[in-house]
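Written out below as structure tokens is the structure these notes cover.
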Ligand code: PBG
């Protein structure tokens, strides 16, 4: 005699669907896209299949297509020409910056889209680091005013959600204060709160040609062995004014997503990073995994762990898979 037979709740699709706990829809997804200066540019990134560097004219068409699929939130990253990079990332807040102009254009064309940005020096830095480099050290406090200027310039261009990804101490507070001072009190901050020094960012750095010229990011990004430390970061970010907090990468850090979601009342997001996307593509290409099934299972697992929103290169493919 068995009183309890869990299989009864798995008996057929209707029952399984009725008792399913975690759900995933296009509304949860943020689509990261890469922008390049120029016209008519659609450039492949070999380590990120089906993801491109777009010039703004073609990106507008891509965004239109995504909107039809229900994707409304985009995280836009600039792929900057090496010749325009310098040690202090000056171009990041230059009004002539193609990125800032493109943001304006996108918001003019599609006022309903929500645009998120990345705040860190790396796309604009000749050192390829997220903070300012002095004598081989990443200096915290001298980086902060640059991050604040970059954030204000992005808010001015029309960014809805500022995404500090640099992991400098005190950056959320400094950015919040600068935004408020300049009249952008409605601009949100989604902080990269628990951002780990991960090996899964490789394809992204290929996309932006932003691999650090020397050293690694371990003095500012978190140690993959740590979890309690994420609580310290989250406490600080929320106190300093973050509206939403993020864990990155997603898959190796689902326990951290869960912990932050259980501990804090703010929305928690997870960044399903470039390496996680590339792995599935590589295995699917070899016929070792079913692409759509693996993608959906991954994304659902991130929701089950507790993420409200997910940044993912799968956004478009997922949206298509539920439409078809
Ligand atoms: C840089 C930044 C990185 C990513 C997002 N913002 C790379 C890094 O920290 O080196 C990685 C995203 C991905 O791998 O998809 N501030």
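Numbering (our numbering), first residue to last: 10 to 333. The beta-carbon is built from N, C-alpha and C at its ideal position, and this holds for glycine as well.
Under 6 Å Cβ to Cβ from residue i, same chain only, skipping five residues before and after it: list those, please.
i           : result
residue 174 : 127, 129, 201
residue 262 : 256
residue 33  : 308, 309, 312
residue 37  : 318, 319
residue 118 : 69
residue 270 : 277, 315
Among the options, whose alpha-carbon lies nearest the alpha-carbon of residue i?
i           : options            : result
residue 259 : 246, 276, 51, 280  : 280
residue 136 : 98, 170, 79        : 98
residue 252 : 274, 83, 27        : 274
residue 73  : 160, 116, 104, 187 : 116
residue 88  : 225, 223, 238, 217 : 217
residue 90  : 76, 69, 106        : 106
residue 132 : 113, 121, 159      : 159
residue 2   : 60, 321, 164, 66   : The structure shown has nothing for residue 2, since the chain only spans 10 to 333.
residue 291 : 56, 25, 10, 12     : 56
residue 120 : 103, 83, 95, 92    : 83
residue 59  : 332, 193, 289, 298 : 289
residue 287 : 23, 64, 16, 214    : 214
residue 96  : 50, 144, 16        : 144
Excluding the 5 residues flanking residue i on each side, which residues of the same chain have their C-beta closer than 7 Å to its C-beta?
i           : result
residue 210 : 282, 283, 284
residue 140 : 130, 147, 148, 149, 152, 175, 177, 229
residue 52  : 45, 61, 62
residue 31  : 309, 312, 313
residue 322 : 41, 57, 60, 283, 286
residue 238 : 231
Sorted by chain position, which residues of the same chain lie with C-beta nearer than 8 Å to residue i's C-beta, five sequence neighbours on each side aside?
i           : result
residue 330 : 301, 304, 305
residue 236 : 264, 265, 268
residue 122 : 72, 76, 81, 82, 83, 115, 116
residue 181 : 173, 198, 200, 245, 246, 249, 250, 251
residue 100 : 89, 93, 94, 106, 133
So, under 8 Å CB-CB, residue i and residue j are touching, yes? Tell me the CB distance rounded to an integer number of Å.
i           : j           : result
residue 318 : residue 39  : 6 Å
residue 231 : residue 203 : 6 Å
residue 124 : residue 167 : 7 Å
residue 85  : residue 28  : Their Cβ separation, rounded to whole angstroms, is 39 Å, which puts residue 85 and residue 28 out of contact at 8 Å.
residue 184 : residue 156 : 6 Å
residue 161 : residue 191 : 5 Å
residue 206 : residue 222 : With a Cβ gap of about 17 Å, residue 206 and residue 222 do not count as contacting.
residue 163 : residue 93  : Incorrect: roughly 17 Å between the Cβ atoms, too far for contact.
residue 240 : residue 220 : Actually they are not in contact, since the Cβ atoms of residue 240 and residue 220 sit about 30 Å apart, beyond 8 Å.
What I want to know is whether the C-beta of residue i ends up closer than 8 Å to one or more non-hydrogen atoms of the ligand PBG.
i           : result
residue 210 : yes
residue 219 : yes
residue 213 : yes
residue 160 : no
residue 224 : no
residue 273 : no
residue 86  : yes
residue 284 : yes
residue 129 : yes
residue 174 : yes
residue 139 : yes
residue 163 : no
residue 258 : yes
residue 201 : yes
residue 104 : no
residue 325 : no
residue 133 : no
residue 230 : yes
residue 276 : no
residue 233 : no
residue 58  : no
residue 236 : no
residue 204 : yes
residue 40  : no
residue 280 : yes
residue 322 : yes
Validate contact between the stretch 190-199 and the stretch 160-173 using beta carbons, cut 8 Å, 3 pairs: yes
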